[in-house]
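Worksheet: one structure, shown below.
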Amino acid sequence: MKVKRIDLDDEEMPERVLVELSHDEAAYLALLLGRQTGNDGNAIAAGGAVLGGAIYDGLTESLFNRFYEDGVNGAEAAMRVRP
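Written as structure tokens, this is what we have:
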């Protein structure tokens with residue numbers, strides 16, 4: 367993962383972060399989030415279920431469901447067969 371840009375709010379605190387992920391990093395993140403329950407996410411951070419769901423949906427709908435018949439599970443299978 368590479369941080370490409372950090373946008374600050376009026377108080378000079380991070381508000382938005384643009385990151386670059388490899389295919390495998392993005393798949394790993396989606397797989398982790400997809401295996402969590404809402405309670406798991408909320409136990410990690412307040413509002414974690416909503417945040418995790420948004421990240422998961424963004425990765426699966428925008429990336430993995432477009433390129434793999436089985437979505438993120440297809441991406442995981444592709445990772446396993448690559449040398």
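Just so we're aligned, residue 367 is where the sequence shown starts under the working numbering, counting upward by one.
Don't be surprised by glycine CBs; every beta carbon is placed ideally from N, CA and C.
Among the candidates Phe-430, Glu-386, Ser-428, Asp-390, whose CA atom is the shortest distance from the CA of Val-447?
Comparing Cα-Cα distances from Val-447 to each of Phe-430, Glu-386, Ser-428, Asp-390, the minimum goes to Asp-390.
Would you check if the segment 372-381 and the segment 414-432 touch, i.e. whether three or more CB-CB distances between them fall below 8 Å?
The segment 414-432, when compared against the segment 372-381, does not touch it at the 8 Å Cβ threshold.
Run through DSSP, which three-state label would Leu-387 get?
Under the three-state reduction of DSSP, Leu-387 is assigned to coil, being neither helix nor strand.
Which same chain residues end up closer than 6 Å to Gly-425 when comparing Cβ atoms and leaving out the 5 residues on each side of it in sequence?
Sequence check: residue 425 is Leu here, not Gly. Cβ-Cβ distances below 6 Å link Leu-425 to Ala-392, Ala-396 in the same chain, with the five nearest sequence neighbours on each side left out; the list follows chain order.
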